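This report refers to the structure that appears directly beneath it.
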């Protein structure tokens, strides 16, 4: 056993397997990932990943960046991963995947006092819809043939909505509710149009043994209701009904 460990250490595999040198990038997208009041990266999927890493005896570095940069770093830089990432057909061959980490319900929102009424995306034609760069929700809406105005980050959209720069905000249900609560803005959900699982997406260079260990740990958490407990605890602390 010791000889195996020594061999792994000499060729660098031990570091790769344990995750040392691997970076997880993410964005400000509450309640899934955000910087808390203690200047620590927190959130639902962040806590899930931290729990899985601890269970597997793995260690990584976490970084909070604008989404487009976080995504690009994982796409182009070795030993980088990004979350919370929607696993689309276009993204599938670009990364190695671990998950799911959580579920994101996509919805269309307007200001509470808006007179806009709709029950499907097709009924939003002609309205100004907002999303942000490299976001799967906005990309999906654009693929339906509807123009989408993109911001740099998700939090900008609540200001754009209140300023009258967009008419409808297409985003994750929990994210909209959390951001609106923080901004003290009343929203009205028009409808939900898709449910998407969230994943950790890793550059192909990330060691397979690391990915397998992390996935196995995540599977154990799911099997013992650990994921549900993490979600319930965080949403309760944030005052968001599940």
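In the working numbering, the protein residues as written are 1 to 242. Every residue, glycine too, gets a C-beta built ideally from N, C-alpha and C. Keep in mind the model is a prediction, meaning the values are calculated, not measured.
Burial of residue 217 is indicated by the presence of at least 16 other C-beta atoms within 10 angstroms of its C-beta. A residue is called buried when at least 16 other Cβ atoms come within 10 angstroms of its Cβ; residue 85 meets this threshold and is buried. With respect to the 7 angstroms criterion, residue 64 and residue 41 are classified as neighbours on the basis of their beta carbons. In this structure, the beta-carbon distance from residue 93 to residue 197 does not fall below 7 angstroms. DSSP, read as helix, strand or coil, puts residue 208 in helix. Of all alpha-carbon atoms in 60, 180, 147, the one lying nearest the alpha-carbon of residue 161 is that of 180. Per the DSSP secondary-structure output, residue 180 pairs with nothing in a beta bridge. Across the structure, residue 49 and residue 79 are spaced so that their CA atoms are roughly 16 angstroms apart.
With respect to residue 98, residue 221 sits apart: the two C-beta atoms are not nearer than 7 angstroms. Here residue 183 has 158 as same chain residues with Cβ atoms under 6 angstroms from its own Cβ, once five neighbours each way along the sequence are excluded. Straight-line spacing of the CA atoms in residue 151 and residue 22 works out to 29 angstroms.
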